[in-house]
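Structure, as structure tokens:
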Amino acid sequence: MNHLAHVVLAGSQEGLRLGAFLGDHVRGRRALSALPPDWAAGVMLHRRIDTLSDSHPAVRALLARFHPPWRRYAGVIVDVLFDYMLSRHWDRFGPAPLGQLSAELDDLLARHAADLPARLVRFSRWARARRLWMRYGDKAMLDEIFYRLAQRHGRPGPLADGIEVLSAREREIESTFLKCFPDLVRQAGEERLRLQSRWSSM
Numbered sequence: 251m252n253h254l255a256h257v258v259l260a261g262s263q264e265g266l267r268l269g270a271f272l273g274d275h276v277r278g279r280r281a282l283s284a285l286p287p288d289w290a291a292g293v294m295l296h297r298r299i300d301t302l303s304d305s306h307p308a309v310r311a312l313l314a315r316f317h318p319p320w321r322r323y324a325g326v327i328v329d330v331l332f333d334y335m336l337s338r339h340w341d342r343f344g345p346a347p348l349g350q351l352s353a354e355l356d357d358l359l360a361r362h363a364a365d366l367p368a369r370l371v372r373f374s375r376w377a378r379a380r381r382l383w384m385r386y387g388d389k390a391m392l393d394e395i396f397y398r399l400a401q402r403h404g405r406p407g408p409l410a411d412g413i414e415v416l417s418a419r420e421r422e423i424e425s426t427f428l429k430c431f432p433d434l435v436r437q438a439g440e441e442r443l444r445l446q447s448r449w450s451s452m
């Protein structure tokens, strides 16, 4: 899952949302234990959601249909394109109007910038400047995202051209998303309750 999906699946609690953003930035038990309990719960939820998504039969079947040179990057590309699909199906899955959620996320990340990793702060400022949360349904924005991912990846490959996958497989990806995401919504809700009961007793 990518940023928008992780935030939606994290629910409305601010600590879980921050943990959703931190999931790719926190490494090791010591770093996790240094976080506030609700942030740490959000990181654990992020990781659990990634596991559930990667193991979902519909997602596994989709990724298996990618051929070289795309196969190596298929998981990353599909994660981004699922945010595109989530944006397209926002009326069904969005927890609030997208403009409202966008403002909430920008405010949340700005308020906690002093306590966040530098790379996440840089990303949050870029996201705010580019109106990222509002633009996941914009193919020009997707093209920019894939270009940035390719730069960060650093090795030659087709990642910068990830938008081509949407052009070639849009219906297939949409069908997979609609099979997978309702299951993730249910499973993430169950996981949030379990994690909240753990951190509230700490």
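Okay, so the sequence shown: first residue is 251 according to the working numbering, each after it adds one.
Glycine included, each C-beta is placed from N, C-alpha and C at the ideal position.
Run of the alpha helix (DSSP H) containing P307, from where it starts to where it stops: Taking the sequence shown and counting its residues from 1, one reaches residue 307 at position 57. 307-314 is the span of the alpha helix (DSSP H), which, as asked, contains P307.
Short Cβ contact (8 angstroms threshold) for S337 with L254: Within the sequence shown, numbered from 1, the residue matching residue 337 stands at position 87. Within the sequence shown, numbered from 1, the residue matching residue 254 stands at position 4. Yes, they are a contact pair.
Proximity below 8 angstroms, CB of L266 to CB of L295: Within the sequence shown, the letter at position 16 stands for residue 266. Within the sequence shown, the letter at position 45 stands for residue 295. Contact: yes.
Which of helix, strand or coil DSSP assigns to R385: Here residue 385 is taken as the residue at index 135 of the sequence shown, counted from 1. DSSP, read as helix, strand or coil, puts R385 in coil.
DSSP state of H317 mapped onto helix, strand, coil: In the sequence shown, the residue the question calls residue 317 occupies position 67. Correct three-state label for H317: coil.
Contact under 8 angstroms by Cβ, G344 with L355: The residue given as residue 344 occupies position 94 in the sequence shown. The residue given as residue 355 occupies position 105 in the sequence shown. Contact: no.
Nearest-angstrom Cα separation, counted from E441 out to R380: As a first step, residue 380 is located in the sequence shown; it is residue number 130 there, counting from the start. As a first step, residue 441 is located in the sequence shown; it is residue number 191 there, counting from the start. If you take the alpha carbons of R380 and E441, they lie about 32 angstroms apart.
Chain-order list of residues whose beta-carbon lies under 8 angstroms from that of E394 (same chain, five-residue window excluded): On the sequence shown, position 144 is the one that residue 394 refers to. Excluding residues within five positions, the ones whose Cβ falls inside 8 angstroms are R380.
Alpha carbon of H275 to alpha carbon of L392, nearest angstrom: Here residue 275 corresponds to residue number 25 of the sequence shown, with the count starting at 1. Here residue 392 corresponds to residue number 142 of the sequence shown, with the count starting at 1. So the two alpha carbons sit approximately 22 angstroms from each other.
Proximity of I423 and V328 at Cβ, strictly below 8 angstroms: Within the sequence shown, numbered from 1, the residue matching residue 423 stands at position 173. Within the sequence shown, numbered from 1, the residue matching residue 328 stands at position 78. Contact flag set, yes.
Sequence-distant residues of the same chain with beta carbon closer than 7 angstroms to A346, five excluded per side: Looking up residue 346 in the sequence shown gives position 96. Contacts found: none.
CB of R297 within 8 angstroms of CB of G273, strictly: The residue labelled residue 297 in the question sits at position 47 within the sequence shown. The residue labelled residue 273 in the question sits at position 23 within the sequence shown. Taking 8 angstroms as the Cβ cut-off, R297 and G273 qualify as a contacting pair.
Nearest residue (CA-CA) to A438, options S283, R279, A291: Position 188 of the sequence shown holds residue 438. Looking at the Cα atoms, A291 is the closest of the given residues.
Of the listed residues K429, Y334, R361, nearest to V309 (C-alpha basis): Residue 309 sits at position 59 when you count from the first residue of the sequence shown. That would be K429, whose Cα lies nearest to the Cα of V309.
Whole alpha helix (DSSP H) elements within the stretch 265-300, 4-residue minimum: 279-283
Continuous alpha helix (DSSP H) assignments of at least 4 residues falling wholly in the stretch 351-395: 368-380
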